[in-house]
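Trainee: Throughout the sequence shown, residue numbering follows the working numbering, covering 508 to 762 in sequence.
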Amino acid sequence: MTPEDVATRCVALTEAAGTQQLYVLVDLCDFAFPLAEYVPNWRPLVQHSLLFTGTAEHAIREEGPLLLLIDIEEGNHLNLLTKITELTHLDNRLLAFNSHLNFDLMARHLQSALHVRWGEQEGLLRYYSPDVFAAIDFSLTSPQKAWLHQYVSQWFYLSAGGEWQWIRPEPAPTPVTPQSGLVLSEAQYDMVLLWADVFIFLRQHGTALVAADYGGESALLQRLFGLAMQAEADGLLNQGERVQYFMAGLTKGKE
Numbered sequence: 508m509t510p511e512d513v514a515t516r517c518v519a520l521t522e523a524a525g526t527q528q529l530y531v532l533v534d535l536c537d538f539a540f541p542l543a544e545y546v547p548n549w550r551p552l553v554q555h556s557l558l559f560t561g562t563a564e565h566a567i568r569e570e571g572p573l574l575l576l577i578d579i580e581e582g583n584h585l586n587l588l589t590k591i592t593e594l595t596h597l598d599n600r601l602l603a604f605n606s607h608l609n610f611d612l613m614a615r616h617l618q619s620a621l622h623v624r625w626g627e628q629e630g631l632l633r634y635y636s637p638d639v640f641a642a643i644d645f646s647l648t649s650p651q652k653a654w655l656h657q658y659v660s661q662w663f664y665l666s667a668g669g670e671w672q673w674i675r676p677e678p679a680p681t682p683v684t685p686q687s688g689l690v691l692s693e694a695q696y697d698m699v700l701l702w703a704d705v706f707i708f709l710r711q712h713g714t715a716l717v718a719a720d721y722g723g724e725s726a727l728l729q730r731l732f733g734l735a736m737q738a739e740a741d742g743l744l745n746q747g748e749r750v751q752y753f754m755a756g757l758t759k760g761k762e
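(1) Can you have a look at residue 536 and say buried or exposed, based on whether 16 or more other CB atoms are within 10 angstroms of its CB?
(2) Do you know offhand how far residue 605's Cα is from residue 599's?
(3) Sorted by chain position, which residues of the same chain lie with C-beta nearer than 6 Å to residue 743's C-beta, five sequence neighbours on each side aside?
(4) So is residue 618 buried or exposed if we call it buried at 16+ other beta carbons inside 10 Å?
(5) Return the chain-ordered list of same chain residues with a C-beta closer than 8 Å to the C-beta of residue 545, the five sequence neighbours on each side being excluded.
(6) Just to confirm before moving on: does the CB-CB distance between residue 527 and residue 593 stay below 8 Å?
(7) In terms of alpha-carbon separation, which member of 614, 576 and 566 lies closest to residue 549?
(8) Can you list, in chain order, the residues of its chain whose CB lies under 7 Å from that of residue 543, leaving out five sequence neighbours each side?
(9) CA-CA distance, residue 610 and residue 603?
(10) Give me the Cα-Cα distance between residue 551 and residue 660, rounded to the nearest whole angstrom.
(11) In angstroms, rounded to a whole number, what distance separates the CA positions of residue 684 and residue 616?
(12) Let me know if residue 717 comes out buried or exposed under the rule of 16 or more other beta-carbons within 10 Å of its beta-carbon.
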């Protein structure tokens, strides 16, 4: 799939959602291109925000998430979208979504969602990276999902294996309880870390795997999560050891 294909698919999904607003989150951590400096000079103006601004990570805000609002009916906005898909091609750092909410309110909500507490600790949650977004969605309770997704009709991104993934939230059955950030139990936090291990492994090594060999992508994910749990139980904390453990476990698990 070419960068142009990715941009075209994003536009088609946005049209199907009945909106011209395409929101894009780009993970700027270790990103070689100075996108945060490039976007403000684009014309017509593209609304954008560095979501670490004003947080505990303000000093490294250009290493955090960049939120942009692309108007799919504006030709030069589409040129910027294509530029971004070229820059992020095969790098799995682009998370897109649709919402009718105005930009300032959406930026405020997503910035609030960065804040996470677990036990007596707190920090910033890197939900904006596709590697971690799915892990977090797997781990949240229904009320937490309702709060996070309340303004979004659909999220979409390319998996490490090059397949399109969607999260289409169910409408909340009751009014969503206001909150500032997410409070995770210790068990939830541990689960997020395990799922993050899985998606980071797929980002780094997924191109060498054929999901069909394991019964499909869903079965492969569950297989890897089981291996991550076992690696944790066995005390394999070193990333290199975990990669070897995953590889060995997947070799045994091929259909």
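Backbone N, C-alpha and C define an ideal beta-carbon position, used for all residues, glycine too.
Mentor: In terms of the structure at hand:
(1) exposed
(2) 19 Å
(3) 749 and 752
(4) buried
(5) none
(6) no
(7) 576
(8) 535, 557, 569 and 573
(9) 14 Å
(10) 26 Å
(11) 13 Å
(12) exposed
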